[in-house]
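Residue numbers (the numbering used here), protein chains in the order written: chain A, 1 to 251; chain B, 1001 to 1214.
Here is the structure we will look at, set down as structure tokens.
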């Protein structure tokens, strides 16, 4: 028989031991994981403008193509500007803006809990003389967060490319948002209608039809993730509308 | 008298092979069905899932077997859970650091290995009362038996549901032009149940011993 004392000691020692093993594994592996995450963020930004790069080369390719990073506020003013490895305006490097925090802050401002305005990053990329404006977006899918980067042509209206990714959508269903057939659907779509009103791009269950200018096909079996993409685009891109109206002649 | 059994004696070999057929965890014991539904839409995640489960079950079985004399029966389930959970977290962390793309492919399902009843089942039924080496073999055998079914199911689901195998398009374009459509049901969880049902049917009709008498 095992005494109560034995059981308690056994359990405590086991838990402490396991905690030590797991936290040291986590600390040891953290730098590798963070490097992966950063390289992936760069890859996502570049991929939306059709610049492919592998994880090792991500940093170099990024420096080659990036013109500047901007951070704009919800009124459309440029608050930060980062160019040639240095901040020329403002305090935060736009690359380091966490969209998740910005969205939370945006909500807090809307409900009147906070007055600290969020900033929205824009990445200006030059590819063979063509200029692309890339904006990151973030939303919720079925199981967890989904996010993406949308590259616009110089009119900041026509989508040149889009990449999406997710934390844990169902493989084969919702996880299809990061496959090329889904992402390629967005190419050539526009986010403003003829009158210059912001309409975003809808993700339509059952098919958007061939001539849809503001809609793409949803994923069969991945309805909630598809709706997540739709909501993410609508609410995410909306934050850039004032900037676009103010700075880019869109009419 | 030689008491030492050789590493791959007939008895030990049976530990590896019976879970593939007569004692298959999915088709005979009907365990681990939930993950068999979830990760079998495509072949690649099913394959990586198989490898991960083999690693967790083999190592876990061995650890439990080494500890078996020290574990108080009253807290054995907790101890087993702690071992599974720590192994799964370790696997997840290592995948994230070194094979980032694979870990993204599997996403939540690595975490869900914790809830795979086959693992708890083997810890409880085998590792708690056997030596480490047979336990290791038993773990490899059962995880492989699970994985084989996963891979068969994933093969048919991907072929019929998406017209591809391992991500490569197999169904030619002219079939679609003639009006062939991928079977949407195969992508959804019921598709997996149907395929597993057919596998069980085939297996029982070939092996009469498995048929229960009424």
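Note that beta-carbon positions come from the ideal geometry of N, C-alpha and C, so glycine has one too.
Give the interface partners of residue 18(A) over in chain C, defined as CB-CB distance under 7 Å, in chain order.
The displayed structure is made up of protein chains A and B, and chain C is not among them.
For a test of the three-state rule: what should DSSP assign to residue 81(A), helix, strand or coil?
It is a strand residue.
Should residue 208(A) and residue 216(A) be called a contact, given that it needs their Cβ atoms to be closer than 7 Å?
In this structure, residue 208(A) sits near residue 216(A), with a CB-CB distance shorter than 7 Å.
Is residue 119(A) helix, strand or coil by DSSP?
In the three-state reduction of the DSSP assignment, residue 119(A) falls in the strand class, which pools E and B.
Bridge-paired residues (DSSP) for residue 151(A):
134(A) and 161(A).
Collapsed DSSP secondary structure at residue 202(A) in the structure displayed
Three-state DSSP puts residue 202(A) in a strand.
Cutoff 6 Å; reference residue 99(A); Cβ partners in own chain excluding five residues on either side:
Excluding positions up to five away in sequence, the list reads 136 and 138.
Cβ-based contacts, 8 Å cut-off: residues of the region 206-236 of chain A near chain B:
Listed in sequence order: 220 and 221.
To the nearest angstrom, how far is the alpha carbon of residue 161(A) from that of residue 181(A)?
Between residue 161(A) and residue 181(A), the C-alpha separation is close to 12 Å.
Within the 7 Å Cβ cut-off, does residue 1176(B) reach chain A?
Interface criterion not met: the Cβ of residue 1176(B) is under 7 Å from no Cβ in chain A.
Counting only beta-carbon separations shorter than 7 Å, does residue 136(A) have a partner in chain B?
Not closer than 7 Å to any Cβ of chain B, the Cβ of residue 136(A) fails to qualify, so no.
Taking the C-alpha atoms as reference points, what is the distance between residue 1070(B) and residue 11(A)?
Distance between the alpha carbons of residue 1070(B) and residue 11(A): 11 Å.
Inside the region 32-93 of chain A only - beta strand (DSSP E) runs reaching at least 3 residues:
Taking only runs of at least 3 residues, the beta strand (DSSP E) segments lying wholly in the region 32-93 of chain A are 66-73, 78-83 and 86-89.
Checking contacts by CB at 7 Å: is residue 33(A) closer than that to chain B?
Answer yes: the Cβ-Cβ gap between residue 33(A) and chain B drops below 7 Å somewhere.
C-alpha gap between residue 229(A) and residue 166(A), whole angstroms
Straight through space, the alpha carbons of residue 166(A) and residue 229(A) are spaced by roughly 10 Å.
Applying a beta-carbon distance threshold of less than 7 Å, which residues of chain B neighbour residue 172(A)?
Going along chain B in sequence order, the residues near residue 172(A) (Cβ under 7 Å) are 1041, 1042 and 1187.
Hey, which unbroken runs of the beta strand (DSSP E) at 3 residues or more fall wholly within the region 1155-1180 of chain B?
Counting only runs of 3 or more, we get nothing.
Please confirm whether residue 42(A) has its beta-carbon closer than 7 Å to some beta-carbon of chain B.
Interface criterion not met: the Cβ of residue 42(A) is under 7 Å from no Cβ in chain B.
Within the same chain, show all residues whose beta-carbon is closer than 8 Å to that of residue 1001(B), passing over the 5 residues directly before and after it, in chain order.
Only weak support exists for where residue 1001(B) lies, its pLDDT of 41 falling under 50; the value from the coordinates is given anyway. Result list for residue 1001(B): empty, nothing under 8 Å.
Since I believe residue 72(A) is in contact with residue 61(A) (beta carbons under 8 Å), could you give me their beta-carbon distance rounded to a whole number of angstroms?
Not a contact, Cβ separation roughly 25 Å.
Reduced DSSP secondary structure (H/G/I, E/B, other) of residue 146(A)
Note: residue 146(A) maps to strand in three-state DSSP.
Assuming contact is defined by CB atoms lying nearer than 7 Å, are residue 1122(B) and residue 1142(B) in contact in what I supplied?
The answer is yes: Cβ separation under 7 Å.
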